[in-house]
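Let me begin by presenting the structure, written as structure tokens, before commenting on it.
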Amino acid sequence: MAVLRRGAAIEIAGLRKEYLSSTGSVVALTDIDLRVSSGEFLCIVGPSGCGKSTLLRILAGLDRQTGGSIKVEAEGWAVENAMVFQDGGLFPWMRVEDNVAFGLTTRGVPAEEKAARVEAALRLVGLSKFRRHYPHQLSGGMRQRTAIARAFVTDPAMLLMDEPFAALDAQNRIILQTELVRLWEQTGKTVIYVTHSIDEALALGDRTVLMTAQPGRIKTIIDVPFPRPRDPIMLSVSPEFASLKLDIWRVLEEEVMRARAEMEK
Amino acid sequence: MNVRSSKSVERLLYLISPIGLLAVWQLLLMAGFGDRRFIPAPSDIAVRFVQMIGNGELAMHTAATLRRVVAGFVLGATPAVAIGLLMAMFRPVRYFFDPLIAVMFPIPKVALMPLLLLALGFGDASKIALVAIAVFFPVIVNTYVGAANVDKIYWDVAKNYGASQFVMFTRVLFFGALPMIFAGLRIAIAVSFIVLVAAEFVATKSGIGYLIWNSWELLQVDVMFVGIVTIGILGLITSVLFQEIERKAIPWRAE
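Top to bottom, those sequences are chains G and U. Each residue of the first sequence is one higher than the last, beginning at 389 in the working numbering. Each residue of the second sequence is one higher than the last, beginning at 20 in the working numbering.
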């Protein structure tokens, strides 16, 4: 399918985030400089507490940075971003179709158009038959599909994903990863995908940002060289994948150790 | 099979205690313990109960009580839910109502009856107002707690997906607080019967409370018991009714 337009281009410069805690001020993020091209699939990997989720929340408008700037180039898009939350964040009191429709309801999209777009989004993630179900009646994989449909239906210029598949079993994770990449290729959106899994970052992303432990900085950015379409299983057993994964792991390991030493001090 | 039989044993036990109590009461009186003029036997009460249903007296008093409970309940619960949600949404609203609730909640609402008679007269209005005031407090406190404890992730989702404050109020906070709102409503329905029966003791010629107080003055102890039993039955029916409504209103709650 031809992609007619490309998602948002993002330019982050000198971004910094400090929190006030009971023990004083904590620097969560500092010196974040990052350019994301239009239509790119960017993964962010780092040890826990590196501020990768904070970065995503700032991009989503849920948090404000202490310093630095973010420029989002999303001309021609009605909705700048939509987030897929870690455990879905589906409203338990809404049926699947109402959850998916939420971002259209809030923006006052007319009923007829809304119904058509929800229908299309449900078909896209294979949940048409479950539209009248409540979230508690769905499996974990189906809940995440609903959350993805809710994000895609608003047609955002960028998709922000916070470890969306972390709670799923291995088989479901691979199926959903494959579906996500298919949706991304069809729609040309910019995706920023936070994960703690190196495998996931290498299977999905065009580039992978490695972050340092607290305070979160960008350690290095890796171009993921594997051609698309990628088969996550075939890829994961290839020697090139193993050697790249090992390189990344060495970098991360150093960071994890440093973070631990910091904590024990 | 085992589960089922233990269930039916439980159900049996459920009936044994009230029936057993009534049986002991009846037998003691029949054996000559106590004076049946002052302490009527369950059978005497049952006879009077049937008689009062027959002549329409009980229906008239029940209707008067129910009318006041329903009107007061709706008048008290509706603003309580709305303000409770607003308190969770807007800090200034909370700071405005918090001290008022802290001061007013512990006041026995029956103590306000003379004031209400003065302000609203001897008609239904003063009783309805009393029920509304008594209902207001448990509902507003429960609604606020329920709305304040709506998981932060739903606020995040709503904000990220462009929800206005109106959408936040009607689609997120209200439903997120609904289980707690129902807990408050169930307390409130019991409270409304409690204060209304006390209020009907004075300054009215109708209602179950009037029936109980009047029969005490005439020393018709059996009629008094009919009134007490009727209130119990009304309480039971409304409680079952509310459970049904709650089940229908909160279908997302996993069984």
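Idealized CB from N, CA, C, for every residue including glycine.
In terms of Cα proximity to residue 216(U), the closest of 200(U), 233(U), 258(U) is 233(U).
Beta-bridge partners of residue 429(G) (DSSP): 579(G). The residues 143, in chain order, have a CB closer than 8 angstroms to that of residue 86(U) in the same chain once the five nearest residues on each side in sequence are set aside. For residue 233(U), there is no enclosing beta strand (DSSP E); the residue is found in the alpha helix (DSSP H) stretching over 227-236. In the DSSP assignment, residue 473(G) is bridged to 476(G). One Cα belongs to residue 542(G), the other to residue 154(U), and the distance between them is close to 42 angstroms. For the stretch 164-186 of chain U, residues whose beta-carbon sits nearer than 8 angstroms to a beta-carbon of chain G comprise 172, 173, 175, 176, 177, 178, 179, 180, 181, 182, 183, 186. Taking 8 angstroms as the Cβ-Cβ cut-off, the stretch 448-460 of chain G approaches chain U at 448, 449, 450, given in chain order. Residue 190(U) has a beta carbon lying within less than 9 angstroms of a beta carbon in chain G. By the CB criterion at 9 angstroms, residue 632(G) and residue 612(G) fall inside the cutoff. Between residue 639(G) and residue 430(G) a beta carbon distance of about 17 angstroms is seen, past the 8 angstroms cut, so the two are scored as non-contacting.
By the neighbour-count definition (other C-beta atoms within 10 Å, threshold 16), residue 473(G) is a buried residue. In the structure shown, residue 557(G) falls within a coil segment according to DSSP collapsed to helix, strand and coil.
Annotation for residue 624(G): the continuous alpha helix (DSSP H) segment containing it runs 620-624.
Around the C-beta of residue 145(U), 16 or more other C-beta atoms lie within 10 Å, and the residue is accordingly described as buried. Nearest neighbour of residue 417(G) by Cα position, chosen from 618(G), 599(G), 653(G), 648(G), turns out to be 599(G). Residue state for residue 408(G) is assigned as strand, using DSSP reduced to three classes. At a cut-off of 9 angstroms between C-beta atoms, residue 204(U) does not count as an interface residue with respect to chain G. Taken atom to atom, the span from the alpha-carbon of residue 106(U) to that of residue 200(U) is near 14 angstroms.
Straight-line measurement puts the Cα of residue 255(U) at about 48 angstroms from the Cα of residue 513(G). When the beta-carbon positions are compared, residue 470(G) and residue 179(U) come within less than 9 angstroms of each other. Within chain G, 479, 480, 481, 482 have C-beta atoms less than 9 angstroms from the C-beta of residue 194(U), given in sequence order. Rounded to whole angstroms, the Cβ separation of residue 159(U) and residue 102(U) is 6 angstroms, and the two are in contact under 8 angstroms.
Counting every other CB atom within 10 Å of its CB across the protein chains shown gives residue 559(G) a total below 16, marking it as exposed.
DSSP lists no beta-bridge partner residue for residue 25(U). About 4 angstroms separates the beta carbon of residue 404(G) from that of residue 455(G), a gap short enough to meet the 8 angstroms contact definition. In this structure the stretch 76-94 of chain U lies against the stretch 211-230 of chain U, because at least three pairs of beta carbons, one per stretch, are closer than 8 angstroms. Flagged as an interface residue toward chain U: residue 475(G), by a C-beta distance shorter than 9 angstroms.
When secondary structure is reduced to three states using DSSP, residue 132(U) falls in the helix class.
For residue 596(G), there is no enclosing alpha helix (DSSP H); the enclosing beta strand (DSSP E) covers residues 595-599. Excluding five sequence positions before and after residue 492(G), the CB atoms of its chain that fall closer than 6 angstroms to its own CB belong to 502, given in chain order. Using a CB distance cut-off of 9 angstroms, residue 197(U) counts as an interface residue toward chain G. Secondary structure of residue 420(G) (DSSP, three-state): strand.
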